[in-house]
Structures are given as structure tokens and as C-alpha cells.
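J.: Protein chains in written order, with full-length UniProt numbering: chain F, 1 to 340; chain Z, 1 to 430.
I have a structure I would like to understand better, so I am pasting it below and will then ask my questions one at a time.
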């Protein structure tokens, strides 16, 4: 890093990764809108998307994913970081927000990854663990790692992506846009009404099962008694329900953490179509933390283990969903939690 | 008010899923009828031309089964049964997970428990399907259903004299060759073979109506390859390819022998097979025709070459020498069709014979002058003679008197008035 500092000392951000596939897989988890907002910080580069203000998702590509990661925060931009306090989860004091076309970025990253595409395209084959070993034609197996260099020279400049595989170098410049709205779904981490930690594949299986009912809503119920956690999809033809019933030891295996501070049964309704968008992340992740806050906002934090040649690294993909308004008395229900 | 509950182990559930997906090819809904010791799942298609049903016996198929009919109002009905109808799509999704579970291997389903919730103290009537997985996960489906009588299809076994039995896997391997758009399947027995002919009547382009049969695939299976084969020669029976395919595919998944029984066209055909407490029955309506000799179908003997005595009254001159009078040549469009019953006659002779017989037939039979029979269109071939003035005399019922045929010689052909085909025929026969 020291040597390279001379080369591009005045560049705002530059990072080099030799695991383009991991970047591509992670970003693909949130690929459901045209534009993604990008924050660059000292911890990593974060991409976030939102849909109609009821769902947002973000991926943090931590700097451990890159072999070289350099960020020179512009001093005058620092006050801009104020909005991140609403984000809550991370303290990124020095960020550099801009927007970028996410589909274009994904297209770019897979330029050299087409042989791998076929094996990963069908969502189900993801499995829970990292995908099965590389094929014989995997560029890594051949010994021609694809190297990707991301750089952002100054505010308003295009995001430059240089992909090098063997002797072929491709340079792409993606236009960056001014960030539009700054709203993100607030999750009150001081008022967590439920926290469950499960294996992601279990949740994937459950949601996938219920997706077959073509239901509009997904109800998530947490209860202090036997079916501790259940997912329900009411449909026109009947309802489907997946219960995590395990008692004692099997419960420990199934639900690694189950924390219900208010000690009462909680049910929240979410739009199934939105939850379904998290399926790709569910399939890829290792574990997931399911949380409700006091207002019923659902937060799904996926812990993804990235199979890097240099060893396993962990990164997070996060989704947040706004619940349906409770129909009868949304105002009166809150005090009830407190009483019980 | 009734109580029904049964449990399925993974293997049975997998079979149950296969049955449902087979029934889904027929209709959107499934009718379920429960009796004391067995369960029937069946469906009738919307045009009421196809029926599919599976009877599942208690000890063999189900690991648990209990059925109680507590109906105070109906007293002493002859059979205790409870039947209802449910959307197949909903039911099948409850059993779909068995496919997924094999892959994810986290949550394998140990057993499925199905109960009918139909009690007076319940507000909702639901079919409750619980998939109990290891690891403490339970998947529950509560499906709405409709209490309805089951419609059965009738099949008279006594009437159905034609029957063949074949290994379903072998049949599937062979019938996989049918074109994807084929609609109809013609099954006929000729020359010691059972032919499965798939064809379509769909007009490819309305403006080019000429091309009505874009693809016809014939698969002939030798009679010895069948486990049983007792079918009338020349009996053409036509069913839908789609339904045939789904029957064969399901039978092949069980690797059982498929039995087909039928009587005659426009009467139902039945496919049946059974394995491990599952009896499968498909009844399909048929079309088709009998192209053999005009005998009352009920009086026909299977596997015999029939002949009409009227046709052999006229001495056949094929065995004479050069002096034979030239025979007015009839539409010689189907030499193969007409001699196909003549298993023992060599092709050369057979051709001559058939030629003679068609001639005789036209003279003897008034029906021959009827307008052409368009129903038999699927078998029409090119008239090699090109003699269009004779076309209307063509009848498709290949009346053959094979045994009576005398030895034919090639001289017959030399006596034919010179048409443009003589040289060609000489080339063939001379």
C-alpha cells in the first residue's frame, strides 16, 4: 500500500480484489432496483438499495474482501456523514455517497465470469454452504485469477472498474449519480422486540416452501411457547404454515438464539413479494439474524462467508422490511406488550 | 361430519406426489373418496373424456389410517364413504417439499399426516396436511375443500376383448419419440405388430390449410414384446397423446406392466396397473375405426385374419397366363394397407391379389359408390396410379381374402392398359 500511495495519492478511493466472483455474488443479492447508493468508508464499500420506502437492503463489501483498499476521505465532505446516524448499524463518519446503476455494475463484474454463471444461475443450487468446488474451467483453477480494481478519483467522477484476466484488460467506467433521497428505514436497535438467530438454509427452506402458495402476505409469529417461531402464508386456497417447534435440545439446534424481551406473542405481516427478494441472500448466507423492533420493522441480517482463496471472510447482507399496519388498533397494541 | 386421518411415510408421499402430478395433467381438481380401508383419489377431465383414479389401500400404502363416518342424519347407508373435491394445485404444493428436502438435507420430512377437519364445533372445514420434519420443523397446510360426490367413469370389462400388456418403461422409451405437438394417438394391430401412430389434426397455418398432418410418428412394437397381446387386427383406436403420455410416464415411474383393455372405437379404453397397494386406473374415451372386414365387432375373433366369402366367389384370375383380361385398374393407392393381413403371402403376390380384390370389391359392393368417407382421412395416401376418375370408388375398408388368393404372376401387370406407371411397375415387379 505504501508504494502505491505514490501512484494515486490524490485518488479518493481505490481497491483491488482478486475475488470478483464473491463481489458479484454479494451484489447480486440486492439486485432488484436500477440504482444503488454507494457509501465508501474506511471499513469498506457499502451498496444499498430501497424499494418504495418499505424495504431496503444493503451489502457491505468489507475491506477484508480486497487485497488493497485505500480511501482518502475528502475533508470537506465529512459533515455529509450525518445521515448515517439514522442508519444506525455502523458509524461511518467519513462517507462519500453517490448512486450507481447496479445492473450495469453486475454486468461489468461478470465479464470474465461467464463460465461460472451456468453453475450458479439456478437459485436452488446455491445450497447453504459456499457453492460446490470450482469446475475444471474455473479461471481460478486454470491459474488466471481475474483481478478487479475499483477506483473513484474525485467526487462526481465515474466509477472506474478495471478487470484483468491474463493478458486481457477491460476498463469500464460507470457513471455516478448524485444521491437522491436520503431516507432509509429506521430500525430501532434500542427497542428490539424479537431476536432470533437461525441457520439461513432453514429460513430459506421455509420461505421457499411458503412461496409455493402464491400468497400475498407473510406472517411471522414469535411466541414464548412451543412453536416458538412460525411463518404463515394465508392464501386463497388455504393457508400454509411453517413452525419451528423444536423443544429442548432440538430447539437449541434450530434456533441458536431466541430472545423475546416482552415475553408475549408477536405477529407481524409483511409483503411476501418483498421477502422473496431476500431469497437469494438466504440461499447464500450461513446464518441469519431475524429481528423485530418495537414498531414491527423486520431486519434480516445475513452472515455470508465468502470463500476467498486467502481463507474464509465474513460479510453481511442486510434487509429491512416495513410491516403491514396492524388492522384493528395499531396504537393500542404497543402498551399491551409492556403490560404482559 | 367425518373424521379422516392418515399418515404417509416419505416413500409413499413421494408416490402420492407423483399421482397428483399425473392427475394434474387431466384436470385442475382432485376428488378424494375415503372408505374404511382405502382411499380413492381421482379426477375427471373437463370434457369428460378422460378419467384417472388411484385406489390406495390401507395397510400397504398408508402407515396409519383411520376413518370414521359419524353422520347421525343418514342412517344405514349401504357404503360408508366420505368424498370431497380439492384444487390439485393446492394439494400438490403441500407435497412438493419432498423434492426440495432431498437437496437441502437440513430438513428432511419424516412423515406427512393428513387430517380432514370437518366437525361441527369447528368453524372452518380444512384439509390439514402436516409435514413433520426432523429438527423440529413442522410445515402445515390448511386447504379449503368442497364436499362433493365423486364422479366415476364406467368401464365394462366384459365387453372389452382387446387387451395388451407391456412393460411401461419399454413403452415409455419408445413413445418418447412422439412429437411434442402431436395430439392424437392411433393404436392398431397389424402384421403381428402393435403400431402406435401419433399425429395431429391441428392446422399449422390457417391460410395454408393444406398441411393438416404435419407430423406423423409410427412406432411399431412386435407382438412378442408384449407380455400379453390379444387384439383384433385392423382395429384402429384413437386416444389423446397427452393423456397417454401422462399414463405411461406415471406407470414407468413405478416400473410396472401397463395393461390396456378396450372393445372398439368410441367405447372407452382402460389402462390399469397396480403396485404395493396402489391400483391405478385410467379410462379414456376413444375415437377411431375398424378397418378390417365388415363384421359385427362383437362377433370378431381376435388375432384372426377374416375374409368375406362374397369376395372369393369370383375366381381370381391372377394365376392364369397372358390371356387374362386386363383388369380395370382401381385406385391402387394402398397396396400395403390392403395386404397387411396377408402375413404369409409374399409381397409380390400379395400386391397382385389386392389389386384383384379391390376390383372385385368395387363391382360387388354398392357401398363402394358412396361418397368418399372423410372420416378415414388420416390413412389416405397418394394414389400412385394417378387415376383420379376412379377415386370415388375407393373405400378404405381393405377387404382382403388372403387365403383364397391364388399364386399371382407378374404377367398380370403386363396386361394392364398402358398408364404412365406401367414402366415403373415393370421395373418393380419384372
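From the three backbone atoms N, C-alpha and C, an ideal C-beta is built for every residue, glycine too.
Computed from a predicted structure; not experimentally measured.
With distances taken between CB atoms, is the gap from residue 262 of chain F to residue 206 of chain F smaller than 7 Å?
T.: Contact: no.
J.: Counting only Cβ pairs nearer than 9 Å, list the residues of chain F close to residue 273 of chain Z.
T.: Here the premise fails: no neighbours, minimum Cβ distance about 30 Å.
J.: Can you list, in chain order, the residues of the stretch 41 to 53 of chain Z whose Cβ is nearer than 8 Å to any Cβ on chain F?
T.: Listed by position, the residues of the stretch 41 to 53 of chain Z near chain F (Cβ gap below 8 Å) amount to none.
J.: State yes or no: is the beta carbon of residue 243 of chain F nearer than 7 Å to at least one beta carbon in chain Z?
T.: Closer than 7 Å: yes.
J.: First and last residue of the beta strand (DSSP E) that includes residue 150 of chain F?
T.: Taken as a continuous stretch (DSSP letters only), the beta strand (DSSP E) holding residue 150 of chain F covers 146 to 152.
J.: Assign residue 271 of chain F to one of three DSSP states: helix, strand, or coil.
T.: Three-state result, residue 271 of chain F: strand.
J.: Rounded C-beta distance between residue 44 of chain Z and residue 90 of chain Z? I'm assuming under 8 Å.
T.: At roughly 18 Å, the Cβ-Cβ gap does not stay under 8 Å, so residue 44 of chain Z and residue 90 of chain Z are not in contact.
J.: So if I threshold CB-CB distances at 9 Å, which residues from the stretch 136 to 165 of chain Z count as touching chain F?
T.: So the list reads 136, 137, 138, 139, 140, 141, 142, 143, 144, 145, given in the order they occur along the chain.
J.: Could you give the distance in angstroms between the alpha-carbon of residue 500 of chain Z and the alpha-carbon of residue 21 of chain Z?
T.: The question about residue 500 of chain Z has no answer, for chain Z in this structure spans 1 to 430.
J.: So which residues of chain F does residue 90 of chain Z contact, with C-beta pairs closer than 7 Å?
T.: Under the 7 Å cutoff, chain F gives 237, 238.
J.: Please confirm if residue 245 of chain Z has its CB atom under 7 Å from at least one CB of chain F.
T.: It does not: the Cβ of residue 245 of chain Z has no partner Cβ on chain F nearer than 7 Å.
J.: Do residue 209 of chain F and residue 139 of chain Z come within 7 Å of each other at the CB atom, strictly closer than that value?
T.: Going by C-beta atoms, residue 139 of chain Z is nearer than 7 Å to residue 209 of chain F.
J.: Examine chain F for any beta-carbon lying closer than 7 Å to the beta-carbon of residue 87 of chain Z, and answer yes or no.
T.: Chain F contact via Cβ: present.
J.: State the DSSP-derived secondary structure class of residue 362 of chain Z, mapped to helix, strand or coil.
T.: Because residue 362 of chain Z carries a pLDDT of 39, less than 50, the predicted location of this residue cannot be relied on, and the following value inherits that uncertainty. Residue state, collapsed to three classes: helix.
J.: Do the stretch 164 to 174 of chain F and the stretch 264 to 282 of chain F meet, that is, are 3 or more Cβ pairs less than 8 Å apart?
T.: Judged by Cβ distances under 8 Å, the stretch 164 to 174 of chain F makes no contact with the stretch 264 to 282 of chain F, as fewer than three pairs qualify.
J.: From the beta carbon of residue 5 of chain Z, is the nearest beta carbon of chain F less than 7 Å away?
T.: For residue 5 of chain Z, the answer is no, since every Cβ of chain F falls outside 7 Å of its Cβ.
J.: With DSSP run on the structure shown, which of helix, strand or coil describes residue 147 of chain Z?
T.: Correct three-state label for residue 147 of chain Z: strand.
J.: Whose CA, out of Z:167, Z:190, Z:92, lies closest to the CA of residue 249 of chain Z?
T.: Of the listed residues, the one whose Cα sits closest to residue 249 of chain Z is Z:167.
J.: Taking 7 Å as the CB-CB cut-off, is residue 209 of chain F touching chain Z?
T.: Answer yes: the Cβ-Cβ gap between residue 209 of chain F and chain Z drops below 7 Å somewhere.
J.: Does residue 154 of chain F pass the burial test, meaning 16 or more other C-beta atoms within 10 Å, or should it be called exposed?
T.: By the neighbour-count rule (16 or more Cβ atoms within 10 Å), residue 154 of chain F is not buried but exposed.
J.: Three-state secondary structure (DSSP) at residue 325 of chain F?
T.: Note: residue 325 of chain F maps to coil in three-state DSSP.
J.: With DSSP run on the structure shown, which of helix, strand or coil describes residue 241 of chain Z?
T.: Helix.
J.: Quick one: Cα of residue 165 of chain Z to Cα of residue 55 of chain F, how far?
T.: For residue 165 of chain Z and residue 55 of chain F, the distance between alpha carbons rounds to 60 Å.
J.: Go ahead and label residue 177 of chain Z buried or exposed: buried means 16 or more other beta carbons lie within 10 angstroms of its beta carbon, across all protein chains shown.
T.: Residue 177 of chain Z is exposed by the Cβ-count criterion.
J.: Per DSSP, residue 162 of chain Z forms a beta bridge with which residues?
T.: Answer is Z:262.
J.: Residue 218 of chain F touches chain Z at which residues, Cβ-Cβ below 8 Å?
T.: Result: empty, since nearest Cβ-Cβ is about 14 Å, beyond 8 Å.
J.: Looking only at DSSP bridge pairs, what is residue 279 of chain Z linked to?
T.: Answer is Z:55, Z:274, bridged to residue 279 of chain Z.
J.: Straight-line CA distance for residue 230 of chain F to residue 41 of chain F?
T.: Answer to the nearest angstrom: the Cα atoms are 38 Å apart.
J.: What separation, rounded to the nearest whole angstrom, lies between the Cα atoms of residue 297 of chain F and residue 49 of chain Z?
T.: One C-alpha to the other measures close to 53 Å.
J.: One question on the structure: do residue 40 of chain Z and residue 55 of chain Z come within less than 7 Å of each other, judged by their Cβ atoms?
T.: Yes, Cβ-Cβ distance for residue 40 of chain Z and residue 55 of chain Z is below 7 Å.
J.: Taking Cβ to Cβ, would you say residue 446 of chain Z is nearer than 7 Å to residue 188 of chain Z?
T.: Outside the shown range of chain Z (1 to 430) lies residue 446 of chain Z, about which nothing can therefore be said.
J.: In chain order, what residues of the same chain lie with their CB nearer than 6 Å to the CB of residue 26 of chain Z, ignoring the 5 residues before and after it?
T.: Result list for residue 26 of chain Z: 43, 45, 50, 52, in chain order.
J.: Examine chain Z for any beta-carbon lying closer than 7 Å to the beta-carbon of residue 296 of chain F, and answer yes or no.
T.: No, its Cβ sits nowhere closer than 7 Å to a Cβ of chain Z.
J.: Need the endpoints of the alpha helix (DSSP H) that residue 169 of chain Z sits in, please.
T.: Looking at the DSSP string, the run of the alpha helix (DSSP H) that includes residue 169 of chain Z is 168 to 175.
J.: Hey, would you say residue 151 of chain F sits closer than 7 Å to residue 45 of chain F, going by beta carbons?
T.: Contact flag unset, no.
J.: When the Cα atoms are used, what is the spatial distance from residue 271 of chain Z to residue 58 of chain Z?
T.: Roughly 23 Å separates the two Cα atoms.
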